[in-house]
């Protein structure tokens, strides 16, 4: 899920004037406020990733030398989106987090980790940035590191490409596909507009959003990934409350846009409501009207759904946003506090 700072009411576009996008790179994804988590982690030695292969170093199969493999990953990712048997993606932000999540499959015949996705909120925070300040260059450079690691684990990687970075959408999706990304979130909100200007002011028009989906898919196909997966994010439920924007209006707009996005080639429509969330009745209606091709965000808010409940409703994809990142940071804080307070190692 493409992401921005959650408390922000206005967002500056990630591409800064005068800062061209580096041609060698790729992107990341998501966001959402979460509370404290408690978790234990198992780690393993991680080899450093070199941006440029050494003279005799073999490239991983999802880099530029293996475009057909990247499309194989895209096909696999697309097949994982099954209404009622949703893909649950674990969001990662760097090499250690990806390798740690991948290690869950070691010795487990069920291979519970099916795919990776990135969360831009986590990616930005790990670099000391607010989500809205993460540039396309930084996103792409991160995926340049993560895509080969995902391929080594034999799993597809989905990236948060936000809104496609304005007029740079073709370049961004071309680069992502070339470096081994199998799919991406593409949102219909305008980064510079914020969420307070209603449908007409905060979102791309339906027609423009549809064209952007087509442009993204065409770019990925030209880069050798014709089966690239678009998780089209519709932000109408995230828009600030206003007298003109009641629940019925939001639902009508979401369904109209969702059907258009699917017709344009999106695999799923990703709907989330920010702090507002989505009610059970809303998720049920979205699933019924969009043939189950619905992606949602797992939240801890009151009334939020479990993965089992969402599967029973019939969604096709569930994201967890930066939950794992926040859990890891809480664990670091707790461990440091224990040691500094006179305690021993955890």
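Residue numbers (this note's numbering): 218 to 563.
C-beta atoms are modelled at their ideal positions from N, C-alpha and C, and glycine is treated no differently.
Everything numeric in this text was worked out from a predicted model, so none of it was measured.
Classify residue i as helix, strand or coil using the three-state DSSP reduction.
i	result
residue 400	strand
residue 307	strand
residue 464	helix
residue 379	coil
residue 356	helix
residue 299	strand
residue 422	coil
residue 333	strand
residue 343	coil
residue 429	helix
residue 281	The predicted position of residue 281 is uncertain, since its pLDDT is 34 and thus under 50; no value can be drawn from it.
residue 532	coil
residue 321	helix
residue 314	helix
residue 406	strand
residue 374	strand
residue 519	coil
residue 259	Only weak support exists for where residue 259 lies, its pLDDT of 34 falling under 50; the value from the coordinates is given anyway. Of the three classes helix, strand and coil, the one that applies to residue 259 here is coil, per DSSP.
residue 562	coil
residue 493	coil
residue 273	Caution applies to residue 273, whose pLDDT of 42 falls short of 50 and renders its modelled position unreliable; the value that the coordinates give is listed next. Coil.
residue 390	helix
residue 455	coil
residue 286	helix
residue 482	coil
residue 443	coil
On a CA-only basis, which of the options is nearest residue i? Give me that one, please.
i	options	result
residue 458	433, 344, 435, 490	490
residue 334	531, 359, 432	359
residue 536	547, 529, 513	513
residue 506	431, 454, 531, 298	531
residue 442	430, 427, 336, 390	390
residue 305	323, 313, 292, 328	328
residue 455	492, 294, 340	492
residue 483	445, 466, 468	445
residue 353	383, 313, 557, 494	383
residue 342	440, 301, 372, 309	309
residue 331	337, 323, 338	323
residue 399	559, 363, 407	363
residue 451	543, 430, 521, 326	430
Start and end of the beta strand (DSSP E) containing residue i?
i	result
residue 487	485-488
residue 447	446-451
residue 512	511-514
Is the Cβ of residue i closer than 9 Å to any Cβ of chain C?
i	result
residue 287	This model lacks chain C altogether; it includes just one protein chain.
First and last residue of the alpha helix (DSSP H) that includes residue i?
i	result
residue 556	540-557
residue 505	497-506
residue 537	Here residue 537 belongs to no alpha helix (DSSP H), and DSSP marks it neither H nor E.
message = If contact is defined by three or more beta carbon pairs under 8 Å, each pair taking one atom from either stretch, is the region 396-407 in contact with the region 378-385?
response = Look at the beta carbons and you see the region 378-385 touching the region 396-407: at least three pairs across the two are nearer than 8 Å.
key: Sufficient close CB pairs (3 or more, under 8 Å) joining the region 409-422 to the region 497-513   = Contact fails: fewer than three Cβ-Cβ distances are below 8 Å.
task = Report yes or no: do three or more beta-carbon pairs, one from the region 309-323 and one from the region 459-474, lie closer than 8 Å?
result = No, the region 309-323 does not touch the region 459-474.
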